[in-house]
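Student: Numbering (the numbering used here), first residue to last: 112 to 486. Glycine included, each C-beta is placed from N, C-alpha and C at the ideal position. Before anything else, here's the structure in question.
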């Protein structure tokens, strides 16, 4: 114990580490470790004002003006506090607009399809929607154009001759056969119409529209003109129920309007065929209207292909003024030379004027209907 106590009392010898230089100066309390000041200087009290001149800023920052936070644009990333991104806002903020969906899991398709086609992404693997498939829709070929709009002429001629022969047979059989043929033509026209609007993105109640088109022609023949408003009223009610019950819920207002437009455009206008067949000379009147329209169609097609140069309207670029004039002339000639020999237009001396009026009216109405169809 005494030896241990004696060892504590003895001072330790200096231990020097090799390679270290001895300190040149010992910093006294109250002095700077960086030197440059005399030992006699004392720091002033912190409450006293400064007495020494303030050092000038370095040259690198002297030319720049101070920039305040108000100068930063509000869309800068520093102006978006992270805490303000709650769940719905954050989902919308990090959504990828090019993919059509994002973390929010929602996608709101446009109600109406765009008019101009959009360039397709070759490297994209996304499935095209119904609206995208109809963006590049082409216009219908012109029947009075300069080049026929790429129409297969042999097939068109054969089809026209076949339908003409079928119509003549139906008109020869009687009013019932003519009614069946006209109803079938109207139904096929409505199928084509609703198929066309579906290809450009609309979702009409096609089944209701097709049934209404056929019912309008049949009702006009069996119950005369009183059946037309009844069928139209029932069609409106069933269209509302169609979308109310969930058969189809996409854009009900727009699609109901498209459905009813097809019924009016094809069905109501076509129901005049059934009304004409109720007359004793109804077959002759319907045949006269068909021949006059076919005369304009054929005359405008061939004259436009041969000498057509001047564009008629922007809605149908293939139609020409020369084709229009040629179709009108052929239509009037068919009415005077052919329709004038069909009952009831060939029963009296004053019927020639009736035939001429029919030719003029058809020559004006046919191109207007053709242009409206091309819109």
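Can you tell me whether residue 235 is buried or exposed? The criterion is at least 16 other CB atoms within 10 Å of its CB, across all chains shown.
Tutor: In this predicted model, residue 235 has a pLDDT of only 44, less than 50, meaning its place in the structure is not dependable; the value taken from the coordinates is given anyway. So residue 235 counts as exposed.
Student: Would you mind reading off the limits of the alpha helix (DSSP H) that contains residue 297?
Tutor: Unbroken alpha helix (DSSP H) run through residue 297: 286–310.
Student: Among 347, 385 and 390, whose alpha-carbon lies nearest the alpha-carbon of residue 369?
Tutor: Measuring from the Cα of residue 369, the nearest candidate turns out to be 347.
Student: Quick one: residues in its chain with C-beta nearer than 8 Å to the C-beta of residue 339, no 5 flanking neighbours on either side, listed in chain order?
Tutor: Cβ neighbours of residue 339 beyond the five flanking positions: 327, 330, 331, 379 and 382.
Student: Is the Cβ-Cβ distance between residue 404 and residue 419 less than 8 Å?
Tutor: In this structure, residue 419 does not lie closer than 8 Å to residue 404 by Cβ.
Student: For the beta strand (DSSP E) that contains residue 424, what are its first and last residues?
Tutor: 422–424 is the extent of the beta strand (DSSP E) around residue 424.
Student: Nearest CA to the CA of residue 411: which residue from 429, 397 and 462?
Tutor: The candidate whose alpha carbon is nearest that of residue 411 is 429.
Student: Does residue 427 come out as helix, strand or coil in the three-state DSSP assignment?
Tutor: In the structure shown, residue 427 sits in a strand (DSSP, three-state: E or B).
Student: Give the straight-line distance between the Cα atoms of residue 290 and residue 422, rounded to the nearest whole angstrom.
Tutor: When rounded, the distance between both Cα atoms is 38 Å.
Student: Would you report the Cα separation of residue 426 and residue 466, rounded to the nearest angstrom?
Tutor: Distance between the alpha carbons of residue 426 and residue 466: 31 Å.
Student: For the 8 Å Cβ check, are there 3 or more pairs between the segment 276–285 and the segment 301–310?
Tutor: Flag = no, the segment 276–285 and the segment 301–310 do not touch.
Student: Got a sec? Which residues, its chain only, sit under 7 Å from residue 450 by beta carbon, not counting five neighbours each side?
Tutor: 399, 402, 403, 456, 466 and 469, listed in sequence order.
Student: Quick check on residue 154: buried or exposed, where buried means 16 or more other Cβ atoms within 10 Å of its Cβ?
Tutor: With fewer than 16 other Cβ atoms within 10 Å, it is exposed.
Student: According to the Cβ coordinates, are residue 389 and residue 349 closer than 8 Å?
Tutor: Not a contact, by the Cβ cut-off of 8 Å.
Student: Answer with buried or exposed for residue 483, where buried requires no fewer than 16 other C-beta atoms within 10 angstroms of its C-beta.
Tutor: Residue 483 should be labelled exposed.
Student: Could you compute how far the alpha carbon of residue 385 sits from the alpha carbon of residue 293?
Tutor: Answer to the nearest angstrom: the Cα atoms are 8 Å apart.
Student: Out of 441, 356, 473 and 371, point me to the one whose CA is closest to residue 413's CA.
Tutor: Per the Cα distances, 441.
Student: Going straight from the alpha carbon of residue 314 to that of residue 444, what length do you get?
Tutor: Roughly 43 Å separates the two Cα atoms.
Student: Could you work out which residue in 286, 325 and 272 is closest to residue 296 when comparing CA atoms only?
Tutor: Out of 286, 325 and 272, 325 has the C-alpha closest to the C-alpha of residue 296.
Student: Between residue 299 and residue 310, what straight-line distance do the alpha-carbon atoms span, to the nearest angstrom?
Tutor: Their Cα atoms are separated by approximately 17 Å.
Student: In this structure, how does DSSP classify residue 414 when only helix, strand and coil are distinguished?
Tutor: Helix.
Student: Please report how far the alpha carbon of residue 437 lies from the alpha carbon of residue 417, in whole angstroms.
Tutor: Each residue's Cα considered, the two are about 11 Å apart.
Student: Start and end of the alpha helix (DSSP H) containing residue 385?
Tutor: Per DSSP, residue 385 belongs to the alpha helix (DSSP H) from 383–388.
Student: Please state whether DSSP places residue 55 in a helix, a strand or coil.
Tutor: Nothing about residue 55 can be read from this structure; the chain reaches only from 112 to 486.
Student: Hey, residue 473 and residue 407: beta-carbon distance below 8 Å or not?
Tutor: A contact, by the Cβ cut-off of 8 Å.
Student: Can you tell me where the alpha helix (DSSP H) with residue 354 in it begins and where it stops?
Tutor: Taken as a continuous stretch (DSSP letters only), the alpha helix (DSSP H) holding residue 354 covers 338–355.
Student: I'd like to know whether the C-beta atoms of residue 342 and residue 362 end up nearer to each other than 8 Å.
Tutor: In this structure, residue 362 does not lie closer than 8 Å to residue 342 by Cβ.
Student: Only counting the same chain, and skipping five residues up and downstream in sequence, which positions put a Cβ closer than 7 Å to that of residue 97?
Tutor: Past the boundaries of the shown model lies residue 97; the chain is included only from 112 to 486, so the question cannot be answered.
Student: Quick one: grab the DSSP three-state call for residue 466.
Tutor: In the structure shown, residue 466 sits in a helix (DSSP, three-state: H, G or I).
Student: So for residue 162, helix, strand or coil by DSSP?
Tutor: In this structure, residue 162 counts as coil in the three-state DSSP scheme.
Student: Please report the straight-line C-alpha distance between residue 356 and residue 478, rounded to a whole angstrom.
Tutor: Rounded to whole angstroms, residue 356 to residue 478 spans 42 Å at the Cα level.
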